[in-house]
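**Q** Protein sequence lines, in the order shown, are assigned to chains A and B.
Number 254 in full-length UniProt numbering belongs to position 254 of the first sequence; there are no gaps in the numbering.
Number 85 in full-length UniProt numbering belongs to position 85 of the second sequence; there are no gaps in the numbering.
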Amino acid sequence: MFRTVKELVEIAENENILISEVMIRQEMEVKEKTREEIYGEMEKNLQVMENAIEDALKGVESVTGLTGGDAVLIQNYMKEKTPLSGNLLLDAVSKAMGTNEVNAAMGTICATPTAGSAGCVPGTLFAVKNQLHPTREQMIRYLFTAGAFGFVVANNAFISGAAGGCQAEVGSAGAMASAAIVEMAGGTPQQSAEAFAMTLKNMLGLVCDPVAGLVEVPCVKRNAGGSSLAIVSADMALAGVTSRIPCDEVIGAMYRIGKQMPSSLRETGEGGLADTPTGRFLKDKLFGITS
Amino acid sequence: MKYNSVFDIIGPVMIGPSSSHTAGAARIGKAARTLFGKSPKWAKIYLYESFAKTYKGHGTDFALAGGLLGFETDDTRMSNALNIAKERDFYIEFIEDSAAVDHPNTARIVLGNETDTLELVGVSIGGGKVEITELNGFELRLSGNHPAILIMHNDRFGAIASVTTILAKHQINIGHMEVNRKDVGKEALMVIEVDQNVDDDVLHELDNAEHIIQISKIVS
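1) So, under 8 Å CB-CB, B/GLU210 and B/GLY158 are touching, yes? Tell me the CB distance rounded to an integer number of Å.
2) Would you mind listing the alpha helix (DSSP H) stretches within the segment 24 to 70 of chain A that are 4+ residues and don't spill past its ends, in chain order?
3) By DSSP, does A/ALA237 sit in helix, in strand, or in coil?
4) Under the three-state reduction of DSSP, which class applies to B/LYS38: helix, strand or coil?
5) Evaluate the contact criterion for the segment 27 to 47 of chain A versus the segment 190 to 200 of chain A: three or more CB pairs, one atom per stretch, below 8 Å.
6) Taking 8 Å as the threshold (beta carbon to beta carbon), is A/LEU132 in contact with chain B?
7) Can A/GLU183 and A/ILE19 be called in contact, C-beta distance under 8 Å?
8) Kindly indicate which three-state DSSP category B/SER162 falls into: helix, strand or coil?
9) Is there a Cβ of chain B sitting closer than 8 Å to that of A/VAL60, yes or no?
10) Determine the burial state of B/LEU204: buried for a count of at least 16 other Cβ atoms within 10 Å of its Cβ, exposed for fewer.
11) Quick one: give me the first and last residue of the alpha helix (DSSP H) that A/ILE140 is part of.
12) B/ASP97 by DSSP, collapsed to three states: which one?
13) Going by beta carbon distance, what residues of the same chain come within less than 6 Å of B/ARG181, once the five residues before and after it are set aside?
14) Mind pulling the chain A residues with CB within less than 8 Å of B/PRO12?
15) Counting only the same chain and skipping the five closest in sequence on each side, list residues whose C-beta sits under 7 Å from that of A/GLN138.
16) Taking the runs of the beta strand (DSSP E) that are 3 residues or longer, which of them lie wholly in the segment 14 to 73 of chain B?
17) Excluding five sequence neighbours on each side, which residues of the same chain lie with their C-beta closer than 6 Å to the C-beta of A/ILE251?
18) To the nearest angstrom, how far is it from the Cα of A/LEU214 to the Cα of B/ALA31?
19) Using the C-alpha atoms, what's the distance from B/THR117 back to B/ALA17?
20) In the DSSP output, which residue or residues are listed as bridge partners for A/LYS259?
21) Along chain A, in chain order, which residues have C-beta atoms closer than 8 Å to that of B/ASN173?
22) Starting from B/HIS176, follow its DSSP beta bridges and name the residues at the other end.
23) Cβ of A/ILE181 within 8 Å of Cβ of A/GLU169?
24) So the beta strand (DSSP E) B/LEU135 belongs to, where does it begin and stop?
25) Spatial neighbours of A/GLU27 within its chain, please: C-beta separation below 6 Å, excluding the five flanking residues on both sides.
26) Excluding the five sequence neighbours on either side, which residues of its own chain have a C-beta within less than 6 Å of the C-beta of B/VAL219, listed in chain order?
27) Quick one: which chain B residues come within Cβ less than 7 Å of A/PHE158?
28) Looking at the C-beta of B/ALA188, does it have a partner C-beta in chain A at a distance below 8 Å?
29) Can we say the segment 131 to 138 of chain B touches the segment 7 to 25 of chain B, given the rule of at least three CB pairs closer than 8 Å?
30) Is A/LEU214 close to chain B, meaning its C-beta is less than 8 Å from at least one C-beta of that chain?
31) Can the beta-carbon of A/ALA162 be found less than 8 Å from the beta-carbon of A/GLU267?
32) Determine the direct distance from the alpha carbon of B/PHE62 to that of A/SER291, and round the result to whole angstroms.
33) If I follow the unbroken beta strand (DSSP E) through B/SER124, where does it start and stop?
34) Quick one: grab the DSSP three-state call for B/ALA107.
35) Between which two residues does the beta strand (DSSP E) carrying A/MET97 extend?
36) Do we get a CB-CB distance below 8 Å when we pair B/HIS58 with the residues of chain A?
Okay, structure coming up:
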C-alpha cells in the first residue's frame, strides 16, 4: 500500500503502469473485489457527477438564494462572446461551480474529496473531455488517479475544512484534478505529481470561512479557482515545469499550516469572509439576530 | 491509515451540502441506530465546535435525524428527515455544547426507547468518513473500514474465551480486537473487527454465551 506520492509514482514507474492502475490494483486487494466490481462502483460515481452537471446547466438555486445560476451565466457568455481565458478553462469553471450549486441546493453529488470541493474534479473532467475525447474507461480512470492523490493527502494531512481550512478541501480537490488531467493528456506519473504540487502550493493558507456557515459563499466560487488552477498547473507540468518543493513536502506544509489555523478560520463561520459586514448581515438575515 | 479505500476520497454519493456536516453526520446517526438495534423513541444530540456553530446551515440536524431513521447518505428524504421523525413520534433534541473536544466535528448522541438507552460519540473526520470514539462510556476506535462486533459483557474470566471460541468454530478471523472495562468485575466492552460480515445465527450464539449482556454489529 502506498503512503506517499513518492511511493505512488515509484510503483507506477517500476511496473510501467498508470497511477490509476496502481489505485485500482490496491483497491482490488484491500476490498477483495474484482476489477469489474470496482469499475462499476466508480462508474456510478461518474454518472452522479454527470447528472449533477446536467442539472446545474438547467439552472438551480439554493434554499437561501445565496447561490445558483452562475454556471448558466458563464455558459451563455461563452456562446455569445469569446472568453479571454479560453473556452476549455471557462467550461471547467462553469461545470465546477455548477456542481457546487447543485450541492448547495441539496441535490445529489459525489464528494471529491468533500462536498464543498466537489466541483473541481468533475468540472475539469467534463471540460477536458471535449478536447481529449477520452473513452468511458479513461473517464473512470481519471477518478482513480484523482483518488490516488487524494488518498495520500487524507492519510498524511486532512481533507476537511474544519480540520485544515479550505486549502485541505478545494486545495486538495484542485490538485487531485491537476494530476488526473495530466494522466488523461498522456503525461507521466511524475508529471502528475508535479501538477499536483503546483496546484496545492498555490492554495496553501486558504482558510475556510463560509458565510453563515453555509457551503455556498465563498465555496462555489472557490471551486472556480480550484478548477482553473488545476488546468493551468496541468499544462505547466506537461510543458516540463517542475515543482522545486517535492509533492509530499507540499502536503506536509499544508498539514502544518492547517494545524496553525485558528478555529475561527476552520469552518466555524466566525472569521474571514463570514466576519465581514455583509457576511454578518447575511447570517442575521438568514438565521435571525440571536444565532 | 485512516482512509483505506479510493471510495473514501471519490465518494460518497450524497445529498448536499457538506460531506463532514451532512454525509458524515448521517453516518454517525446511522451507526447509533444500528448499534441500538431498534427504532429509538427519543434522542438528545450534543454538538461541539464546528458542528455546534454551523449545524443549521449545513443541515447537520436533519442529517443526524436521517441517520437515526436509518437513511443512507444519498437518501433523497434526507432534507425532510426532521419532519419524518416528528411524524413517527421520534423526539429529537439538539444541544450546542461549548466543551473542548479533540476533533472539531464531534457529536454525542444519547438515544433510547421506553426501556433501553445508548450513548455514543461520533467524529466526522472529513469527506464523509466517520469514527465512533465512545460507546456507553467506553473509549473505542471504530473506523468502519471492517465489519465489527461489539459485545457488552461482564468482566469475568472466560468471557473473552467463550466469544473467540465461537468465532473460531465458525472460521471467522479476527483482524483487530480491544477490551475495555469500567472497573474490575463490572461491565466491559469487547470490540472485534473481523474480515467478513457475521451472520445473525453466529450473533445469536454469541448472545447466549456466558457473561454476555448485549451484542451488536456494524457492517462495513
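Here a beta-carbon is modelled for each residue, glycine too, at the ideal position from N, C-alpha and C.
**A** Working from what's here:
1) On the second sequence, residue 210 of chain B is found 210 positions in, with the first residue counted as 1. On the second sequence, residue 158 of chain B is found 158 positions in, with the first residue counted as 1. With 8 Å as the limit, B/GLU210 and B/GLY158 qualify as a contact, their Cβ atoms being about 6 Å apart.
2) Here the runs fully enclosed are 35 to 58.
3) Within the first sequence, numbered from 1, the residue matching residue 237 of chain A stands at position 237. In the three-state DSSP reduction, A/ALA237 falls in the helix class (H, G or I).
4) Counting from 1 along the second sequence, the entry for residue 38 of chain B is found at position 38. Reduced to three states, the DSSP call for B/LYS38 is coil.
5) Short answer: they don't touch.
6) Walking along the first sequence from the start, residue 132 of chain A turns up at place 132. No, no contact with chain B.
7) Here residue 183 of chain A refers to the residue found at position 183 of the first sequence. Here residue 19 of chain A refers to the residue found at position 19 of the first sequence. Closer than 8 Å, so yes.
8) Locating residue 162 of chain B in the second sequence gives position 162, where the first residue counts as 1. It is helical.
9) Against the first sequence, residue 60 of chain A aligns to sequence position 60. Chain B, which has no Cβ nearer than 8 Å to the Cβ of A/VAL60, makes this no.
10) In the second sequence, counting from the first residue as 1, residue 204 of chain B sits at position 204. The amino acid at residue 204 of chain B is misidentified as Leu; the sequence shows His. By the neighbour-count rule (16 or more Cβ atoms within 10 Å), B/HIS204 is not buried but exposed.
11) Sequence index remark: in the first sequence, residue 140 of chain A carries index 140 (1-based). Judged by DSSP secondary structure, A/ILE140 falls within the alpha helix (DSSP H) whose first and last residues are 136 to 156.
12) Here residue 97 of chain B corresponds to residue number 97 of the second sequence, with the count starting at 1. B/ASP97 carries a strand assignment under DSSP once its states are collapsed to helix, strand and coil.
13) As a first step, residue 181 of chain B is located in the second sequence; it is residue number 181 there, counting from the start. Here the set comprises ASP155, ALA188.
14) Walking along the second sequence from the start, residue 12 of chain B turns up at place 12. At a beta-carbon threshold of 8 Å, the residues of chain A lying near B/PRO12 are CYS110, ALA111, ordered along the chain.
15) Counted from its first residue, the first sequence places residue 138 of chain A at position 138. Contacts found: MET184.
16) List check, beta strand (DSSP E) in window: 42 to 48.
17) Counted from its first residue, the first sequence places residue 251 of chain A at position 251. The answer, listed in chain order, is VAL153, ASN156, ALA157.
18) Within the first sequence, numbered from 1, the residue matching residue 214 of chain A stands at position 214. Within the second sequence, numbered from 1, the residue matching residue 31 of chain B stands at position 31. For A/LEU214 and B/ALA31, the distance between alpha carbons rounds to 25 Å.
19) In the second sequence, counting from the first residue as 1, residue 17 of chain B sits at position 17. In the second sequence, counting from the first residue as 1, residue 117 of chain B sits at position 117. Inspection of the sequence shows that residue 17 of chain B is occupied by Pro rather than by Ala. Rounded to the nearest angstrom, the two C-alpha atoms are 31 Å apart.
20) Within the first sequence, the letter at position 259 stands for residue 259 of chain A. DSSP output for A/LYS259 lists no bridge partner at all.
21) The count along the second sequence starts at 1 and reaches residue 173 of chain B at position 173. Here the premise fails: no neighbours, minimum Cβ distance about 13 Å.
22) Taking the first residue of the second sequence as 1, we reach residue 176 of chain B at position 176. The partner list for B/HIS176 (beta bridge, DSSP) reads B/GLU193.
23) As a position in the first sequence, residue 181 of chain A is number 181, starting the count at 1. As a position in the first sequence, residue 169 of chain A is number 169, starting the count at 1. Using a Cβ distance threshold of 8 Å, A/ILE181 and A/GLU169 do not count as a contacting pair.
24) The sequence position of residue 135 of chain B within the second sequence is 135, counting from 1. From DSSP, the beta strand (DSSP E) with B/LEU135 extends over 129 to 135.
25) The residue you call residue 27 of chain A lines up with position 27 of the first sequence. Answer for A/GLU27: ILE38, listed in chain order.
26) Here residue 219 of chain B corresponds to residue number 219 of the second sequence, with the count starting at 1. Excluding five sequence positions before and after B/VAL219, the CB atoms of its chain that fall closer than 6 Å to its own CB belong to PRO147, ASN197, given in chain order.
27) Taking the first residue of the first sequence as 1, we reach residue 158 of chain A at position 158. Correct list: GLY126.
28) Taking the second sequence and counting its residues from 1, one reaches residue 188 of chain B at position 188. Contact of B/ALA188 with chain A is not assigned, every C-beta pair being separated by 8 Å or more.
29) Segments in contact, no.
30) Sequence index remark: in the first sequence, residue 214 of chain A carries index 214 (1-based). With a threshold of 8 Å between beta carbons, A/LEU214 makes contact with chain B.
31) Along the first sequence, one-based indexing puts residue 162 of chain A at 162. Along the first sequence, one-based indexing puts residue 267 of chain A at 267. Taking 8 Å as the Cβ cut-off, A/ALA162 and A/GLU267 qualify as a contacting pair.
32) For the purposes of this step, residue 291 of chain A is identified with residue 291 of the first sequence, where counting begins at 1. For the purposes of this step, residue 62 of chain B is identified with residue 62 of the second sequence, where counting begins at 1. Residue confidence is low: A/SER291 scores 42 on pLDDT, short of 50, so the model does not pin down where it sits. Its coordinate-derived value is still stated next. The alpha-carbon separation between A/SER291 and B/PHE62 amounts to approximately 18 Å.
33) Stepping through the second sequence from its first residue, residue 124 of chain B is reached at position 124. Where B/SER124 is concerned, the enclosing beta strand (DSSP E) stretches over 117 to 126.
34) Taking the first residue of the second sequence as 1, we reach residue 107 of chain B at position 107. B/ALA107: strand per DSSP, three-state reduction.
35) As a working mapping, residue 97 of chain A is identified with position 97 in the first sequence. Counting along the chain, A/MET97 falls outside any beta strand (DSSP E), though it belongs to the alpha helix (DSSP H) covering 87 to 104.
36) For the purposes of this step, residue 58 of chain B is taken as the residue at position 58 of the second sequence. Output row for B/HIS58: interface = yes.
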